[in-house]
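Here's the structure we're looking at; comments come further down.
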Amino acid sequence: MPAVQCPIPGCEYVTDDLDAAIVAVLITGHSTTHAPGPVTAAKVEKVKRPVISTAGTSEEWAYFESRWSDYVEATKIAGRDKVVQLLECCDEQLRKDLTRSAGGSLTNKPVQEVLAAIKKLAVREENTMVARVTLHNMRQDRDEPVRSFCARLRGQAGVCKFFIQCPTCNTDVNYTDTIIRDVLARGISDPEIQLDLLGDKNQDMTLEEVTQFVEAKDSGKRSASRLLDSQTVQAASSSYKKAKQTAVRDKNEGHGKSAPARLRKSDCPAYGHKCGYCNREHHFEKVCRSKEKSKTGTATHNTDDCEGAVFDSLCSISSDSHKINGRTLAIDHHLYDNLSDTWISKASQPQPFVNLVLRILPEDYEAFGFNMTKRTNTVAISAMADTGCQSCLAGIKVIHRLGINQTELIPVNMKMHAANNKGITILGATILRISGKDDQGRHVETRQMTYVTDNSDKLFISREACIALRMISDSFPTIGEIDYTQQTSGTENSHNMTNNIGSVNSLDTTCICPQRKLPPPMPRNLPYPATEDNLEKIKQFLMDYYKSSTFNTCDHQPLPLMDGPPMRLMVDPEAEPVAHHTPVPVPIHWKEEVKAGLDQDVRLGVLEPVPVGEPVTWCHRMVVCAKKNGKPRCTVDFQPLNVHATRETHHTPSPFHQARSVPNGKRKTVFDAWNGYHSVPIPDRHLTTFITPWGRYRYKTAPQGYIASGDAYTRRYDEIVADIPNKTKCVDDVLLWADSIEESFFQAVQWLDICGRHGITLNPEKFIFGQDIVEFAGFEVTSNTEHHFFWDEHINKLFEESKAAIISEIEEGVRIFDKSKPTCLATDWSKTGIGFWLFQKHCSCKGSEPFCCNTGWRITLVGSRFTHPAESRYAPVEGEALAVVDALDKARYFVLGCDDLIIAVDHKPLLKIFSDRSLEDISNSRLRNLKEKTLRYRFRMIHVPGVKHHAADGVSRHPTGDPEKLILLDDIAAIKNSTMSLPPPHLFYQTYIIIQISESDATEIDNSVFISAVSSLDSLAVKSVTWDRVRTATASDDNMNELINLIESGTPEFRHEFPPQLRELLPIP
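Structure (structure tokens):
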């Protein structure tokens, strides 16, 4: 058979000329060389699906989104499978909440909609300020690579929103890298690298350059450390060889037991040491050959003395020098001071001893089936508070002082060990009643089974006993349990426990309030269906849920402090301190209540007694006055301090404008802070010292009565809640609005959580939830608008008419207020009404005394009102003082902060009262309260004879305003301190603001001025006074006509002969 070629194209194989069967076999065998071999594909690891859970952070969500994008890219899923896989990324709780929230399955929803729904439940909204504070507090961990630290910083910075919009091109400018660079430089754990970085000549390095710089320095230090270790090993080996050679050379000159005692004492390191295993003198345990025998229990030496010595030395410290490797370490004890960020040399605190009283009672023995017939003693003893001790332990000498001996002890099988694992001999047990008094004088007692030993002569109080005596909390040890912002200044010895019985949770025995805690996790679901009938149930649920945190108003526990910097008391350093060394006497019937109030403020952390040895600088007086209910009110007269103080000005919109800012048709929730001012700490406590019959106290928090307390409190509160939408806030009153009851619930939960976590306590008694009509800052806010204001066509017509009347009838004497000119406020009171005129000097006369010439002092503001029936019965000095306070209140916009203000009165006794007389020197409580209301103003009071006081006298005898006390819209402090409701808005405008105005700029006047003018002119026809109008008014006045007739016919000689209606006019010249 001819040769056959391989049928595979390109193959040159050809068979020989053989039999056909053989050729077939050859071709078949050759074909195997062309068959492809088995291809083994590389096994790819299955892509793991990312997981997301509830209550995460924005940083965690960003990481999840990145992982999800990688997962989708790797698996190529799409459509409904993509939604199913996305839902499977949720953990069980999140998946359950997601299904409930959507009301069913989400598999038919678009992916972006599902992602948005997951984010809403998985991410807990955070305050940007808190995230930024967290970023700035981050530090590099030990042995953490700088790249890892930088990655942590970048993750946290991602939620801090470090970008700002360019005002020119409206694009966002991101400055995150700059912030990360600064935080990285601050948080480096190695201080040497940090110093090198800060000292480098290139101070404009980028984030990457800083990272490379730190990496290079860190790498160099590690390399140098390894090189140094290698050199140290070689040096140690060389030293060992030299020492060996020296030992051989000086073989006969050692310090063994055959050496002279003088040589052994100076050279032998074991000299004077007694072995704990064999009791041999001048012997170390580490080379003792008897230690193995001791482990098997065959040692015969007595260890009681050794154990007692070790036990007694557990809580002692020695400053003797020690030799390590032949070098003497003479370093004193150091403590790290966080304030100065450095180590300081300071002695250790003394051992924590506490004074206690011990008793043994027979009934305690009978509870265990033993009889105690022997009479025992009551002993006062100083005991060591040892929180590491599991049971109370007493020395036999302590038991002997109680009058019992070892035979009266209860037999026990307890075994105890010291901290060094040495055994403690237990002779028996006794039942002790351990008691003491806290710093408030309250008796605290506990019963403890106490074990007795002869290894010590002290009494050790266990952790359980310390808890029972309220020296520590029952959660001890818990990291971060103590809030050091509640502690006193660093000059006090906070570690001295001698008198610390009851110092933790110093609750009254009758107090059943829960211990104050941080808010629990925010509820995810409504507790009841969101219906009108369940409003009160939902409100009660919130009050119960936050009862131990945000709504905890227990006055037996320290107040939490508001987050933020302490309030500095900005007082002129050149001011001469005013110090009173004698307290104002407290009425005998009020003494107990006043002292109880001081003690309560100490428990709350508002006040503290001045420490012993503290010198006096500023020292104010406590003044006690009566409340409306007859109870005493304690106030501190900070008048001398306020004169030299500077405000930390912070603006708060008026309640009127806030009430109008609430949208229509909303559900409204109202909160009110509790003890708000007292949650702001102050560092300058010595400036607030005041003296009482019980000694000196000082404020630890912002005091009421200090001129800047309100500004400091409102600013810190506003910054904490700045990112919460749909709210309006007036000092410590807050109104939130939402579209539904459900939204109101979660809105209230968010507010309660933020306030509770930032040290703001809310008053549960003033909590209003989800209502259509609420009271807020003196206004009733309804579902449509606030009740007290409306504007219609009729009002608009009156407005146009009044505007024209003001423009046409204003006269030359009226001027716009100029804050650079001397200002005079003339006030007067009569039984009918009170009034004032505000003048400013426009002449060039020398001096600033009012009314120096006929045309020099021009009118700026005029106001008056009728008196209340009670005010009409005031004594003249009280009425004139009322007129001063009312005028200052109404003209507050112009006179508060004025340094050149003169108050003119025609009642001379007021000059002494309102000048330098202290509050405690004013016995009349009404006058004292009125003067208190003027303390924030700075003025000089002068006397003007009645014959020259015509202007103020006229408006007081013919007032126009209703007998309602006026509170200016922007007088936030007055609103908060007032116990009365605000009058309707139209009463605010009975003070006539007279301004110079032209036709061209009339349209620019603020709406509030328009409303003022409208309501004023609506009640009175305000016109300029002319002789024609005087004649008309005189002719229409019956009293004036009768007076004219009386004068023409002859004036009676005696007062009683005048008609009754004219008798009151006789004093008028």
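Residue numbers for the sequence shown follow UniProt numbering, beginning at 1 and rising by one.
Ideal placement from N, C-alpha and C gives every residue a C-beta, glycine not left out.
Predicted model only: the values in this text are computed from it and were never measured.
How big is the Cα-Cα spacing for residue i and residue j?
i: CYS554; j: CYS513; result: 6 angstroms
i: TRP857; j: LEU1043; result: 33 angstroms
i: HIS333; j: PRO191; result: 21 angstroms
i: TYR365; j: ASN371; result: 6 angstroms
i: GLY187; j: THR178; result: 14 angstroms
i: GLU574; j: PRO683; result: 19 angstroms
i: THR206; j: ARG181; result: 7 angstroms
i: THR855; j: GLN840; result: 11 angstroms
i: PRO566; j: THR168; result: 38 angstroms
i: THR128; j: ARG647; result: 28 angstroms
i: ASN420; j: GLU608; result: 41 angstroms
i: THR171; j: PHE163; result: 10 angstroms
i: LYS415; j: ALA380; result: 28 angstroms
i: ILE1047; j: GLY710; result: 59 angstroms
i: ASP772; j: ASP533; result: 14 angstroms
i: SER925; j: CYS625; result: 7 angstroms
i: CYS845; j: ASP916; result: 29 angstroms
Please state whether DSSP places residue i in a helix, a strand or coil.
i: ALA216; result: helix
i: ASP332; result: coil
i: LYS948; result: helix
i: SER820; result: coil
i: LYS729; result: strand
i: VAL83; result: helix
i: GLU192; result: helix
i: ARG280; result: coil
i: GLY155; result: helix
i: ASN664; result: coil
i: PRO521; result: coil
i: CYS634; result: strand
i: ASN127; result: coil
i: MET543; result: helix
i: GLN658; result: helix
I'd like to check one pair, residue j with residue i: are the Cβ atoms closer than 8 angstroms?
i: GLY395; j: LYS374; result: no
i: residue 1080; j: GLN406; result: Nothing can be reported for residue 1080: it is not among the residues displayed for the chain, which extend from 1 to 1069.
i: VAL123; j: SER223; result: no
i: residue 1107; j: ALA777; result: Summary: the structure shown does not reach residue 1107, with the chain confined to residues 1 through 1069, and so no result is reported for it.
i: TRP829; j: ALA883; result: yes
i: TYR677; j: TYR713; result: yes
i: ILE707; j: ASN763; result: no
i: LYS539; j: TYR528; result: no
i: LEU356; j: SER456; result: no
i: LEU910; j: ALA891; result: no
i: THR827; j: ILE922; result: no
i: VAL72; j: THR107; result: no
i: THR728; j: VAL670; result: no
i: LYS631; j: GLU592; result: no
i: SER679; j: PRO560; result: yes
Got a sec? Which residues, its chain only, sit under 6 angstroms from residue i by beta carbon, not counting five neighbours each side?
i: ARG463; result: THR387
i: HIS907; result: GLU880
Which same chain residues end up closer than 7 angstroms to residue i when comparing Cβ atoms and leaving out the 5 residues on each side of it in sequence?
i: HIS30; result: CYS6 and TYR13
i: GLY756; result: LEU518, PRO519, TYR546, SER549 and THR550
i: GLY597; result: CYS634
Should residue i be listed as close to the ligand NAP, given that the test is whether its C-beta is under 7 angstroms from any heavy atom?
i: PRO663; result: The ligand NAP is absent from the structure shown, which contains no ligands of any kind.
Residues in the same chain with beta-carbon distance under 8 angstroms from residue i, minus the five sequence neighbours each way, listed in chain order, please.
i: SER918; result: ARG621, ASP637 and GLN639
i: VAL749; result: MET522, PRO523 and LEU542
i: LYS627; result: ARG633
i: ASP723; result: ASN127, THR128 and MET129
Runs of 4 residues minimum, wholly inside the segment 355-427: which ones carry the alpha helix (DSSP H) assignment?
362-366 and 396-401
What ranges does the alpha helix (DSSP H) occupy inside the segment 553-624, keeping only unbroken runs of at least 4 residues that lie completely in it?
591-604
Curious, which full-length alpha helix (DSSP H) runs of at least 4 residues does the UniProt domain "Reverse transcriptase RNase H-like" (818-928) contain?
876-890, 892-895 and 909-913
Uninterrupted alpha helix (DSSP H) stretches inside the segment 440-479 (no shorter than 4 residues)
463-468
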